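S.K.: Going by my numbering, the sequence shown wraps up at 196, each residue one higher than the last. Even glycine gets a Cβ: it sits at the ideal position worked out from N, Cα and C. Small disclaimer: the values here were computed from a predicted structure and weren't measured.
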Amino acid sequence: MQVRRASADDAEAIAAIYLSSRDAAGAAFPPGLHPPSEVLEHVRDVQIGRRETWLVGAPDEPAGFLVLDGDEIDWLFVAPEHQGQGVGSSLLDLARRERPDGLALWVFVSNDAARGFYERHGFRLVRTTDGAANEEKAPDMRYVWGDHPEGRTPAPSPS
38 MQVRRASADD AEAIAAIYLS SRDAAGAAFP PGLHPPSEVL EHVRDVQIGR RETWLVGAPD
98 EPAGFLVLDG DEIDWLFVAP EHQGQGVGSS LLDLARRERP DGLALWVFVS NDAARGFYER
158 HGFRLVRTTD GAANEEKAPD MRYVWGDHPE GRTPAPSPS
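1. Measuring alpha carbon to alpha carbon, tell me which residue in Arg152, Asp106 and Ser58 is nearest alanine 132.
2. Return yes when the Cβ of leucine 77 is within less than 9 Å of the Cβ of glutamate 109, no when it is not.
3. Under the rule that 16 or more other beta-carbon atoms within 10 Å means buried, what is alanine 45, buried or exposed?
4. Since I believe isoleucine 51 is in contact with glutamine 84 (beta carbons under 8 Å), could you give me their beta-carbon distance rounded to a whole number of angstroms?
5. Would you mind working out which of Glu98, Val115, Pro99 and Arg164 sits nearest alanine 62, comparing C-alpha positions?
6. Classify valine 83 as helix, strand or coil using the three-state DSSP reduction.
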């Protein structure tokens, strides 16, 4: 499996992985708010244009991608046909190598698979919100790894 930085030429492949992964996850994600053309524009102009975006997979068939924005994992998605094959773990390993001092990310409360994935990889829950601050207005959870500043406070007690 090849790992490389994404370029504008990869925008369509990244948008396709993002959309197909969300579709395959079903109720784990709230409904998408943007048509595919807007997703493609966002990937090209923001995720690739302003952030650190990585691809993993064969040169002609990316299997997944990672977007880092500072110490934040903004997006980590694996194509449905490549899930369960270590692609997500490879991308997470890359993120930890690139940001050894710590990482943070948001996960929707409804996304049990993602929450379990990050917890198995050592991420700790630091807070849960009602989702008022995210675009989808869906309840979400904040996770951190390593010595991230947000992880220096105790985790909330289970209700």
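M.R.: The relevant details are as follows:
1. As a position in the sequence shown, residue 132 is number 95, starting the count at 1. Considering only Arg152, Asp106 and Ser58, the residue with the shortest C-alpha distance to alanine 132 is Asp106.
2. The sequence position of residue 109 within the sequence shown is 72, counting from 1. The sequence position of residue 77 within the sequence shown is 40, counting from 1. No. Outside cutoff.
3. Against the sequence shown, residue 45 aligns to sequence position 8. Alanine 45 is exposed by the Cβ-count criterion.
4. What you label residue 84 is simply residue 47 of the sequence shown in a count that begins at 1. What you label residue 51 is simply residue 14 of the sequence shown in a count that begins at 1. The Cβ separation is near 7 Å, so the contact holds.
5. Position 25 of the sequence shown, counted from the first residue, corresponds to residue 62. Checked all of Glu98, Val115, Pro99 and Arg164; the closest Cα to alanine 62 is Val115.
6. Position 46 of the sequence shown, counting from 1, holds the residue named residue 83. Note: valine 83 maps to helix in three-state DSSP.
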